[in-house]
Structures are given as structure tokens and as C-alpha cells.
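A.B. asks: Chains as they are written, first to last, in the working numbering: chain A, 1 to 234; chain B, 1001 to 1234.
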DNA sequence: TCCCGTTTCAAACAAGCGTTTAATTGTACG
DNA sequence: CGTACAATTAAACGCTTGTTTGAAACGGGA
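(1) Kindly list the residues whose CB is nearer than 8 Å to the CB of residue 1201 of chain B, restricted to its own chain and excluding five residues on each side of it in sequence; keep chain order.
(2) Can the beta-carbon of residue 1203 of chain B be found closer than 8 Å to that of residue 207 of chain A?
(3) How big is the Cα-Cα spacing for residue 164 of chain A and residue 66 of chain A?
(4) Under the three-state reduction of DSSP, which class applies to residue 55 of chain A: helix, strand or coil?
(5) Who are the Cβ neighbours of residue 63 of chain A in its own chain at under 7 Å, not counting the five residues just before and after it?
(6) Taking only beta-carbon positions, decide if residue 20 of chain A is within less than 8 Å of chain B.
(7) Count the other C-beta atoms from every protein chain shown that fall within 10 angstroms of the C-beta of residue 37 of chain A, then say buried if there are 16 or more, exposed otherwise.
(8) Give the residues of chain A in contact with residue 1196 of chain B, contact being defined as C-beta atoms less than 7 Å apart.
(9) Is any beta-carbon of chain B found at less than 8 Å from that of residue 79 of chain A?
(10) Mark residue 1002 of chain B as exposed unless 16 or more other C-beta atoms lie within 10 angstroms of its C-beta, in which case mark it buried.
(11) Taking Cβ-Cβ distances below 7 Å as the criterion, which residues of the stretch 1019-1051 of chain B are in contact with chain A?
(12) Does residue 42 of chain A come out as helix, strand or coil in the three-state DSSP assignment?
(13) Could you tell me whether the stretch 7-16 of chain A touches the stretch 45-54 of chain A, where touching means 3 or more Cβ pairs closer than 8 Å?
(14) Kindly indicate which three-state DSSP category residue 1100 of chain B falls into: helix, strand or coil?
(15) Along chain A, in chain order, which residues have C-beta atoms closer than 8 Å to that of residue 1199 of chain B?
(16) Check for me: the alpha helix (DSSP H) holding residue 1138 of chain B runs from which residue to which?
(17) Counting contacts by CB-CB distance shorter than 8 Å, is residue 202 of chain A in contact with chain B?
(18) Quick check on residue 1210 of chain B: buried or exposed, where buried means 16 or more other Cβ atoms within 10 Å of its Cβ?
(19) In chain B, which residues lie less than 9 Å from residue 16 of chain A when you measure between Cβ atoms?
(20) Residue 173 of chain A versus chain B: which residues are under 9 Å apart at the beta carbon?
(21) With a cut-off of 8 Å, do at least 3 Cβ pairs link the stretch 116-127 of chain A to the stretch 20-27 of chain A?
(22) Closer than 6 Å by C-beta to residue 1107 of chain B: which residues in its own chain qualify, once you throw out the five before and the five after it? Chain order, please.
(23) Please list the terminal residues of the continuous alpha helix (DSSP H) segment that includes residue 1029 of chain B.
(24) What's the C-alpha gap between residue 224 of chain A and residue 214 of chain A?
(25) Within a Cβ cutoff of 8 Å, which residues of the same chain sit near residue 19 of chain A, ignoring the five residues on either side of it in sequence?
(26) Pull up the distance between the alpha-carbon of residue 196 of chain A and that of residue 1040 of chain B, whole angstroms please.
(27) If residue 98 of chain A sits next to residue 70 of chain A, beta carbons under 8 Å apart, how far is it from one beta carbon to the other, in whole angstroms?
(28) Buried or exposed, going by whether 16 or more other CB atoms sit within 10 Å of the CB of residue 1152 of chain B?
(29) Rounded to a whole number of angstroms, what is the C-alpha to C-alpha distance between residue 1072 of chain B and residue 1128 of chain B?
(30) So, for residue 1008 of chain B: in the same chain, excluding its five sequence neighbours on each side, which residues have a beta-carbon less than 6 Å away from its beta-carbon?
(31) Which same chain residues end up closer than 7 Å to residue 61 of chain A when comparing Cβ atoms and leaving out the 5 residues on each side of it in sequence?
(32) Three-state secondary structure (DSSP) at residue 1024 of chain B?
(33) Out of curiosity, what's the CA-to-CA distance linking residue 1144 of chain B and residue 30 of chain A?
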């Protein structure tokens, strides 16, 4: 049967993860993967059936623990709060911190896997849709429910939107770390992603606490006076 | 010389934009593009030199006006404020609204181009790095300077980080609209992207106004050991 | 030892890719 | 008209892609 270390299978997964994270799924050939893994080309089809099967395996290995951690973190936060709505900041951390830990722990993939996750919602969107949408949806719905209790004045669809903002704010800097370097100078990159993700917590907390956007009137007064310009053309 | 309507060139651009937005650059073949444009295969290399040249042309056509609008919007906001720091909300709108307008105006590309832009920072990152990094960087630096004046207590690197959060929060829902549908139900998609982007403004305003994260004291690490005390703020 | 299922291997496969060629058509101008 | 240049076309180029094949090597149980 399969060895516990299963060198071939594991090395294919590691090499594929590395290359997928670096240059994307579509542009990574099986030959590049098997060369890096120092394994025969046919081994991929033998162990994973197809390239698609390999892609699914690569992502599943990382996404499942991540989603499990997010759910269990949320349960803990709720349990600690008793029956009352938990603190918004705790909920944000329950969602964000598992990603930070993923990036910190080489056994879970380390920095490489962060870039891999960043591609989940773009390059690998097809596979994601096919294989993981259900599980991820469950996670988001759970968080949405809790957030609705914390922010009873915020309409459900605005909660959903802000959750999407949060996912984007988390995903983009992870995926585009090196691009960010070009765009904003080196300082963003000299600090590690962990620091950045921790700074995301107060940003998201404040964003969620922003007053609801009233649907009939275009804008209600924000937290501060807003004078000056009428809305000018583009 | 080139015709003003230049049917061949324009139809290649339109078809490529459509397919790039739908399935990405790497997985879109020149044959698929020319078939959709009902144009000969060799026309791409004749008019654009290579596939890379086509990719650059497709993105340049949309990115240049977008960045120009963001810069001129910012100038207007600053001019309207006189010498004083402009309102944060105006600055956020100056950054976000051009994207909304892009999605509303079919002449500028409409919804298709929104998905295209969503891929800018992932799939097309290579081309982006090569051709557009400089221009985009200039835009971000200008905004960063203005934000530094509005939020003097926020360290520059945290401004950069929050700008990255903003870009992500804007990019992701645009790029992954259909994925969002699967994840959070249909409501997110029944409303249009424009509404969503407008809701992003107060979210981002509040996020930027969040107090700076002090660098020396680091938060207790995990969700496990943490009192769920409400953080006083706002 | 032999056997048998599992795993590895080199080689080849058809299909699709971006690009190039050389010939043809279209079109404006002297 | 005829010439010159721009644009289009069908066909082919060489190369890479994911996948399959059939044989070789491995590794414990009888």
C-alpha cells in the first residue's frame, strides 16, 4: 500500500504547490513539476489520474485544514461569549488568524502556500468552483450568521458585501506580495505577511462597524462632516 | 493607413478582452480569439506582433484611462479643499468611482472589463509588472501622499498596507462575482457591482480611520487564550 | 524460490499551441 | 491602367502540452 512518507506522491504535491504558487496552474506543465520533484512524468497520472486531479489534491491539502480552523475558531469564540454576541474583533481574528498561522508554519506550507491561496479566487477559480465552493460557502454562511447578530442594524446583503471586501483585502496582498513591492516600494515587503494580516484585523473591524448604507438615499452622513465638493464627473 | 473603425484590429481586441475576462489569458488561445472575432489567425501577429503584444494592448486600452481618471479626480478633490487636507471620503471616492464608471459605460468596456481588471493582479501579473507597474505606482504614491496628510497619526507603511487592503477589497468582488454567487447566495449578484463598489466607500473610510496598530506591543497570539473583551474604540 | 500486485520507467501518442511563410486580395494614387 | 503598399488568407512550421502504453523493477507472503 501507500507508504507513510510516500516519497513520490508527496514530492509531486510539494513541487506542484511550489510551481503553482510561483507561476500559476495554467502555465505550469507536468514536465516542470516532475522535473522539480525528480520523478517520472507518468507518475502524476498514475497517482492523481490527471493534471486536474493533481490540482485538486494540491489545493485540498491546504484548504481543508484552513476552513476547519476557521469554523472551530468561530465556535470557540461563540462558546466563550456564552449566549451573547461575541466581540467583532474576535470574530475577525477567528477568520484571519488561520491564514497567518498557515504562513508561519512550514509544516502547513509556509509562505509558499500563502501565494497559492491568493490564486484560489482567480487562476484556480474553476477548480475552486468545482471542488471547494460548498465547503467554503458553509464557512462564510456561519460567519455571516454570527456577524448578523453582532451588527443587527446592518442588512444581510451588506454583511455579505463586507465579507467579500474582507476576503479580497486578505487575498490580494497575499497573492501579490511581489507586485506590491513594485507598486508601493520595498517597505511593504520587508515586513512579513503576518504583520500585515494582523493589521488587517482593526481595518476590517472598523469597516464592519461603519454605518449601513441607506438604500433609498444615496449617502448618509459619514462619521465626519463632509462638505466641499458636489459629486463631480469622472 | 488604419481605418478609423479598423474592424479587424478592433474586433480582435474586443474578442480577446471578452475571452481573457472569461477564462484568463493563459488558457485563451489565439485560435479561440480569432474564431470569435471571425478573423484570420495570422491577423493577431500582423497587427500586434505576438500574443504578448495583444495582451498588452488589451490591458493598456483600459488601464490608461482608469489611472488617468484616478489622478485627475484626486487633483480635483485637492483643489476643492484648497490647501487643507481633503475629506477622506472624497479621496476614497476619487479612487473607487472610476472603476464604477468603467463598469457602467459599455463604451469603456462595461461589465466585461471589470472582470478583466480583476485578473490584472493575478493572472496578468507578469504583463502588468512589465508594462504598467510604473504608471500604477505613480497613482498609488499620489494617493498615499494625500492620505498621509489626512491621517497624520498613521505611519506610512500602515497607509500602504491599508491601500493594499482597499485594492484587494475592490478587485476581488469584481473579479469573482460569479464565484461570490456560489459562496454567499444570489443576493450579492442580483445587485450590480456598482452598488457594491459604492458600499465599499464607507467600509474603506472607516477602515482607514481605524487607530494605528502599535508596533511594539504585539497582540496575544491565538484565539485560544484571549479574553473576549470589547476593544474600546471609534 | 516463485509469484503477484504495486510502482516506476522510457518512449511514444495525438492534439493544441504561437508563429511564420508565401501567395493573394484590396485599395488608393499617379 | 498600373504600380505600390496594406491587409488578408490558407497552409504549414516546430514545439510543447497532457495522456497512454507496455515493459521493467520492486517487495513482501507462500
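Idealized CB from N, CA, C, for every residue including glycine.
C.D. replies: On the basis of the coordinates in this document:
(1) Taken in chain order, the residues that qualify are 1089, 1092, 1093, 1096.
(2) Yes, the pair counts as a contact, with Cβ atoms nearer than the cut-off.
(3) So the alpha carbons of these two residues sit roughly 17 Å apart.
(4) Three-state DSSP puts residue 55 of chain A in a helix.
(5) If the five residues before and after residue 63 of chain A are omitted, its C-beta is found closer than 7 Å to the C-beta atoms of 132, all from its own chain and listed in chain order.
(6) Among the residues facing chain B, residue 20 of chain A is not included, as its CB has no counterpart in that chain under 8 Å away.
(7) Buried: at least 16 other Cβ atoms inside 10 Å.
(8) The answer, in chain order, is 161.
(9) By this cut-off, residue 79 of chain A is not an interface position.
(10) Confidence at residue 1002 of chain B is low in this model, with a pLDDT of 44, below 50, so the placement of that residue should be treated as unreliable; the coordinate-derived value is given next. Exposed, by the Cβ-count rule.
(11) Listed by position along the chain: 1024, 1026, 1027.
(12) Residue state for residue 42 of chain A is assigned as helix, using DSSP reduced to three classes.
(13) Look at the beta carbons and you see the stretch 7-16 of chain A touching the stretch 45-54 of chain A: at least three pairs across the two are nearer than 8 Å.
(14) Looking at residue 1100 of chain B - three-state DSSP - the assignment turns out to be helix.
(15) Against residue 1199 of chain B, the close residues of chain A are 158, 161, 162, 213, in the order they occur along the chain (beta-carbon pairs closer than 8 Å).
(16) Element bounds for residue 1138 of chain B: 1133-1150.
(17) Output row for residue 202 of chain A: interface = yes.
(18) By the 10 Å Cβ count, residue 1210 of chain B comes out buried.
(19) Within 9 Å of the CB of residue 16 of chain A, no CB atom of chain B is found; the nearest one sits about 16 Å away.
(20) Here the neighbours are 1161, 1164, 1165, 1167, 1168.
(21) Touching, per the Cβ criterion.
(22) So the list is empty, once near-sequence residues are dropped.
(23) Taken as a continuous stretch (DSSP letters only), residue 1029 of chain B belongs to no alpha helix (DSSP H), as it is neither H nor E.
(24) Since pLDDT at residue 224 of chain A reaches only 41, below the 50 mark, its modelled position is unreliable, and the value read off the structure follows with that caveat. Whole-angstrom Cα-Cα distance: 17 Å.
(25) Within the same chain, residue 19 of chain A has close Cβ partners 28, 32, 33, 36.
(26) Rounded to whole angstroms, residue 196 of chain A to residue 1040 of chain B spans 49 Å at the Cα level.
(27) So it is a contact: roughly 5 Å between Cβ atoms.
(28) The residue is exposed, with fewer than 16 neighbouring Cβ atoms inside 10 Å.
(29) So the two alpha carbons sit approximately 22 Å from each other.
(30) Within the same chain, and ignoring the five residues on either side of residue 1008 of chain B in sequence, the residues whose Cβ sits closer than 6 Å to its Cβ are 1039, 1043.
(31) The residues are 13.
(32) DSSP, read as helix, strand or coil, puts residue 1024 of chain B in coil.
(33) Their backbone Cα atoms lie some 42 Å apart in a straight line.
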